[in-house]
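Numbering (the numbering used here), first residue to last: 152 to 448.
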């Protein structure tokens, strides 16, 4: 309800007529009547040729305040006021032209003049330059520049500039809030990403350590297996050498035994021959050759 009262109060200030309201309870009853009453008051002055009233009637048609919204009629009243040298109407028409059709050589020139007049302290020029920065009409959109010029216009006595400045401040606040949320989101995402990177790094390190241990275990296993194979080969080689040595020793023993047997037999034969010879010499008829002796028959 208080907001509604403030809105009525601002409208009254903007359009040049303050209608007293005795209580908040009366506002819904008087709101439409107040706007329509302001319009009737201003249209009378406008029709009498008052350029300020013509400008205000144009704005009321543009916004649909106290009358049905009609952009064409608004344009007509702005043009009437501008034709009488009403600067604010001229700025309004320049704003609408650039907004609808963009910049051309003529509107660039007019925009340059508006800038100069704003810099020279023209409150209305400051107001419209602020609106242009706010909407990005004819200039790159810059809410900070818009707020600068709108605050200057407010200080220099343009009532609607304050409302426009509040809207810009609210938009800036929303942007700052979005940016803060975006930064917070980015920070949170960065934290999550870093945490995930750390987790993945830890997992990778764990896997690498596991692989390293597995590789070390495999190398040890291979080394142990190779050592066992080498030991087995050495054992078998030693067994083969021992078997060969044993075989050689056995052969040597067999050879010696054969030699001994041969020597024994040779000795036995020798002894037998010696005995036979001795026997023959003592009794020739007892020997093997006795049969061949004629004397032993």
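Built from N, CA and C at the ideal position, the CB exists for glycine as well.
Secondary structure note for residue 201: it is in no alpha helix (DSSP H), with a DSSP letter that is neither H nor E. Per the coordinates, the alpha-carbon of residue 252 lies some 20 Å from the alpha-carbon of residue 293. Under the three-state reduction of DSSP, residue 292 is assigned to coil, being neither helix nor strand. In chain order, 202, 205, 206, 240 place their CB closer than 6 Å to the CB of residue 232, counting only its own chain and leaving out the 5 sequence neighbours on each side. Three or more beta-carbon pairs drawn from the stretch 312–325 and the stretch 273–291 are found closer than 8 Å, and the two stretches are therefore classed as touching. For residue 276, same chain residues with a beta-carbon under 7 Å away, outside a window of 5 residues either side, are 242, 265, 268, 269 in chain order.
Within the model, the alpha-carbon separation for residue 412 versus residue 427 is close to 22 Å. When the Cα atoms are used, residue 306 and residue 280 turn out to be separated by approximately 15 Å. Annotation for residue 227: the continuous alpha helix (DSSP H) segment containing it runs 222–234. For residue 379 and residue 405, the gap between their C-alpha atoms comes out near 38 Å. The three-state reading of DSSP puts residue 381 in helix, counting H, G and I together. Distance from the Cα of residue 228 is smallest, within the candidate group 219, 216, 244, 417, for 244. As for any alpha helix (DSSP H) of minimum length 4 sitting wholly inside the stretch 379–434, there is none.
Here residue 245 carries a helix assignment [DSSP, helix/strand/coil]. For residue 216, there is no enclosing alpha helix (DSSP H), as DSSP marks it with neither H nor E. Taking the C-beta atoms as reference points, residue 225 is found no nearer than 9 Å to residue 278. Its Cα nearest to that of residue 209, the residue 247 stands out among 247, 185, 184. Contact between residue 190 and residue 211 holds: their C-beta atoms lie close to 5 Å from each other, under 8 Å.
Straight through space, the alpha carbons of residue 221 and residue 310 are spaced by roughly 23 Å.
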